[in-house]
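Read through the structure below, which is laid out as structure tokens, and then see the notes.
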Amino acid sequence: MEYEFQFHYILQAWPVLMEGLKVTVQLTVIANIIALTLGFVIALLVLSKYWLLRAPFALMIELFRCTPVLVQILWFFYCVPILFGIYLAPLPMGILALGINLACFNAEAYRAAIQAVPREQLDAGVALGFSPLQRVRYVVFPHAFRAALPVLITNGITLFQQSALVAIVALSDLMYMGRQVATQSYRPIETYTAVALIYFAISFPVSRVAAWVEQRLDAARA
Amino acid sequence: MTIDFSFLARYQDALLMGLGMTLRLTLIAFALGIVWGFVLALLRNSSIAPVRWIAAVYVEFFRGTPVLIQIFWIFYCMPIFLGTDLSNFTAAVLCLTLYGGAIMSETFRAGMKSIGREQYDACHALGLSPWTRATRIVLPQATLRSVPVLLSNGIGIFKESSLVSAIGMMELMFIGTTISNRTGRPVEVFTAVALIYFVVAFPLTRLVTWLEKRILKRFAI
Numbered sequence: 001m002e003y004e005f006q007f008h009y010i011l012q013a014w015p016v017l018m019e020g021l022k023v024t025v026q027l028t029v030i031a032n033i034i035a036l037t038l039g040f041v042i043a044l045l046v047l048s049k050y051w052l053l054r055a056p057f058a059l060m061i062e063l064f065r066c067t068p069v070l071v072q073i074l075w076f077f078y079c080v081p082i083l084f085g086i087y088l089a090p091l092p093m094g095i096l097a098l099g100i101n102l103a104c105f106n107a108e109a110y111r112a113a114i115q116a117v118p119r120e121q122l123d124a125g126v127a128l129g130f131s132p133l134q135r136v137r138y139v140v141f142p143h144a145f146r147a148a149l150p151v152l153i154t155n156g157i158t159l160f161q162q163s164a165l166v167a168i169v170a171l172s173d174l175m176y177m178g179r180q181v182a183t184q185s186y187r188p189i190e191t192y193t194a195v196a197l198i199y200f201a202i203s204f205p206v207s208r209v210a211a212w213v214e215q216r217l218d219a220a221r222a
Numbered sequence: 223m224t225i226d227f228s229f230l231a232r233y234q235d236a237l238l239m240g241l242g243m244t245l246r247l248t249l250i251a252f253a254l255g256i257v258w259g260f261v262l263a264l265l266r267n268s269s270i271a272p273v274r275w276i277a278a279v280y281v282e283f284f285r286g287t288p289v290l291i292q293i294f295w296i297f298y299c300m301p302i303f304l305g306t307d308l309s310n311f312t313a314a315v316l317c318l319t320l321y322g323g324a325i326m327s328e329t330f331r332a333g334m335k336s337i338g339r340e341q342y343d344a345c346h347a348l349g350l351s352p353w354t355r356a357t358r359i360v361l362p363q364a365t366l367r368s369v370p371v372l373l374s375n376g377i378g379i380f381k382e383s384s385l386v387s388a389i390g391m392m393e394l395m396f397i398g399t400t401i402s403n404r405t406g407r408p409v410e411v412f413t414a415v416a417l418i419y420f421v422v423a424f425p426l427t428r429l430v431t432w433l434e435k436r437i438l439k440r441f442a443i
């Protein structure tokens, strides 16, 4: 192999890559905030007594879970403006697409956790004269959030990785910037390796946190 | 603008061909990934520490980076190391297999962990050799318990396979994008493509749920 590694290209391109990383982090954090709240609401709706409330959201969850994220992103970028007349800048549109996708995955995590809330706790809520909203706020949510936390964190990391797909619709995130640098400098190995390492340096520690939280929860239950 | 799906009938063959390629990629990568994943799971339980570490780094790396960058890395960088060009089909299969192996090794590992301590004690008490223990006690149970999750991993590979359109592989996603660009009707095309993926993936997820229940009931795990 006659390839000479020249890592100084990476040093030159570093500010550009960091620019991209900023966009990636923005996408991930805001989409996660949306999904943590919206996911819980969807989970409650799916568990509703009324078929009319349940059905559309159950369908929505399945649609988002059973299609590739790439198709969803393209769909949001090309179809939402035409169908609904909503014109958003690329970044908010990316956040919307990823946020709704993640909300569906989080809803599944919340749903399992809500169903695991002990029956007596709800009865106690009724006995204390809580309104349904108060029961959700003070009894169901704290329980469900704690139980679902490891899965919610794992989903969040997955979204961080999936956010690389917005590069395909030319949103200038880390992946997109990496691709630009790789093509302009003709140094694909150095650039793509560096970009991969940046993604890894963020997602690996967070996945350790998820494992740690899970262990603590298991220990608390035992 | 009016929504009219009828023009898609003209592109039926192209879309079906794309789906065929997507399924082919998925099945090959799934089959190879199962083997690779099982080997990785064994390596991660190896008694030689460096082997364990290398396998762990490999798995964490493939799980901790976007699949898109893995595809670019394999398609653009691997040929420089190998000295020959990779066709986009080889690159796509290679990437999905390497990634699929990493996620499926975790599934096998969980399956192996779920085998109770007392079974190992029983093997010891019966005087079984480590090889007999691995092939007759651990392997059959670990595989059986892993089946539903492995199938979910397979659905994951099916969805991730859409990413190889980025290196010009003519699968469903790529053909969908091409039709959309040519006709200028993204709403119909992307909706249809999404539905095709859904029609394949959704029944499989039901099958996973059904299998999970059956295996739970039958083997009381």
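Protein chains in written order, with the working numbering: chain A, 1 to 222; chain B, 223 to 443.
Idealized CB from N, CA, C, for every residue including glycine.
**Request:** Using a Cβ-Cβ cut-off of 7 Å, state whether residue 28(A) counts as contacting chain B.
**Result:** Chain B contact via Cβ: absent.
**Asked** Can you name, in chain order, every residue of its own chain whose Cβ lies under 7 Å from the Cβ of residue 323(B), other than the five neighbours on each side?
**Response** Apart from sequence neighbours up to five positions away, the residues of its chain that approach residue 323(B) with a beta-carbon distance below 7 Å are 255, 258, 259, 262, ordered along the chain.
**Request:** Could you round the C-beta distance between residue 190(A) and residue 5(A) to whole angstroms and report it? I think they count as a contact, below 8 Å.
**Result:** Rounded to whole angstroms, the Cβ separation of residue 190(A) and residue 5(A) is 6 Å, and the two are in contact under 8 Å.
**Request:** May I have the straight-line CA-CA distance separating residue 230(B) from residue 407(B), to the nearest angstrom?
**Result:** Approximately 10 Å between the Cα atoms of the pair.
**Prompt:** Using Cβ-Cβ distances below 9 Å, what residues of the stretch 73–89 of chain A are close to chain B?
**Reply:** Residues are counted here when their Cβ sits less than 9 Å from a Cβ of chain B; for the stretch 73–89 of chain A these are 74, 75, 77, 78, 79, 82, 83, given in chain order.
**Message:** I want to verify the contact list: residues of chain B whose CB lies under 7 Å from the CB of residue 195(A), in sequence order.
**Reply:** Those within 7 Å of residue 195(A) in chain B are 291.
**Request:** Kindly list, in the order they appear in chain A, the residues whose Cβ is closer than 8 Å to that of residue 427(B).
**Result:** Residues of chain A passing the Cβ test: 62, 65, 66.
**Asked** CB residue 165(A) to CB residue 69(A), shorter than 7 Å?
**Response** Contact flag set, yes.
**Cα-Cα separation, residue 312(B) to residue 320(B)** = If you draw a straight line from the Cα of residue 312(B) to the Cα of residue 320(B), it is about 12 Å long.
**Prompt:** What are the boundary residues of the alpha helix (DSSP H) that residue 267(B) is part of?
**Reply:** It is not in any alpha helix (DSSP H) - residue 267(B) carries neither H nor E in the DSSP assignment.
**Message:** Mapping the DSSP letters down to three states, classify residue 60(A) as helix, strand or coil.
**Reply:** Here residue 60(A) carries a helix assignment [DSSP, helix/strand/coil].
**Message:** Can you look up residue 317(B) in the DSSP assignment and give me helix, strand or coil?
**Reply:** The three-state secondary structure of residue 317(B), taken from DSSP, is helix.
**Asked** If you drop the 5 nearest sequence neighbours on each side, which residues of the same chain put their C-beta closer than 8 Å to that of residue 169(A)?
**Response** In chain order, 73, 74, 77, 90, 94 place their CB closer than 8 Å to the CB of residue 169(A), counting only its own chain and leaving out the 5 sequence neighbours on each side.
**Request:** Between the Cα of residue 366(B) and those of 227(B), 250(B), 329(B), spot the shortest distance and give me the residue it belongs to.
**Result:** The option with the nearest alpha carbon to residue 366(B) is 329(B).
**Message:** Taking 6 Å as the limit between beta carbons, can you name the residues of its chain near residue 127(A), skipping five residues before and five after?
**Reply:** In its chain, beyond the 5 residues on either side, no residue has a beta carbon closer than 6 Å to the beta carbon of residue 127(A).
**Prompt:** Does any C-beta atom of chain A lie closer than 7 Å to the C-beta of residue 332(B)?
**Reply:** Residue 332(B) does not count as touching chain A.
**Prompt:** Quick one: is residue 297(B) near chain A, going by C-beta distance under 7 Å?
**Reply:** False, the Cβ-Cβ gap to chain A never drops below 7 Å.
**Message:** Within a Cβ cutoff of 6 Å, which residues of the same chain sit near residue 30(A), ignoring the five residues on either side of it in sequence?
**Reply:** 95.
**Asked** Cβ atoms of residue 418(B) and residue 241(B): under 7 Å apart, would you say?
**Response** Yes, they are a contact pair.
**Prompt:** Do you know whose CA, among 251(B), 270(B), 269(B), lies nearest residue 381(B)'s CA?
**Reply:** It is 251(B).
**Asked** Is residue 131(A) helix, strand or coil by DSSP?
**Response** Look at residue 131(A) here: in three-state DSSP terms it is coil, with no helix or strand label.
**Prompt:** Nearest chain A C-beta to residue 287(B) closer than 7 Å, yes or no?
**Reply:** Yes, residue 287(B) counts as interfacial toward chain A.
**Prompt:** Using Cβ-Cβ distances below 7 Å, what residues of the stretch 340–356 of chain B are close to chain A?
**Reply:** Those residues of the stretch 340–356 of chain B that come within reach of chain A (Cβ to Cβ, closer than 7 Å) do not exist; the list is empty.
**Asked** With residue 341(B) and residue 325(B) assumed to form a contact (beta carbons below 8 Å), what rounded beta-carbon distance in angstroms separates them?
**Response** Distance from residue 341(B) to residue 325(B) at the Cβ level is roughly 26 Å; contact not present, criterion being Cβ atoms closer than 8 Å.
**Message:** Can you list, in chain order, the residues of its chain with a C-beta nearer than 7 Å to that of residue 387(B)? Leave out the 5 residues immediately preceding and following it.
**Reply:** So the qualifying residues of the chain are 393, 395, 396, 399.
**Request:** Count the other CB atoms, across all protein chains shown, that sit within 10 Å of the CB of residue 295(B); report buried if there are 16 or more and exposed otherwise.
**Result:** Looking at its Cβ environment, which holds 16 or more other Cβ atoms inside 10 Å, residue 295(B) is buried.
**Message:** Among the candidates 111(A), 52(A), 100(A), whose CA atom is the shortest distance from the CA of residue 140(A)?
**Reply:** Distances from the alpha-carbon of residue 140(A) to those of 111(A), 52(A), 100(A) put 111(A) closest.
**Request:** Starting from residue 70(A), find everything on chain B with Cβ-Cβ shorter than 7 Å and list it in chain order.
**Result:** Neighbours of residue 70(A) across chain B, judged by C-beta separation under 7 Å: 384, 385, 395.
**Item:** Beta-carbon contacts of residue 364(B) that lie in its chain and below 7 Å, excluding the five residues immediately before and after
**Value:** 330, 333, 334, 337, listed in sequence order.
**Message:** Tell me the rounded alpha-carbon separation between residue 97(A) and residue 163(A).
**Reply:** Put simply, the backbone Cα of residue 97(A) is about 10 Å away from that of residue 163(A).
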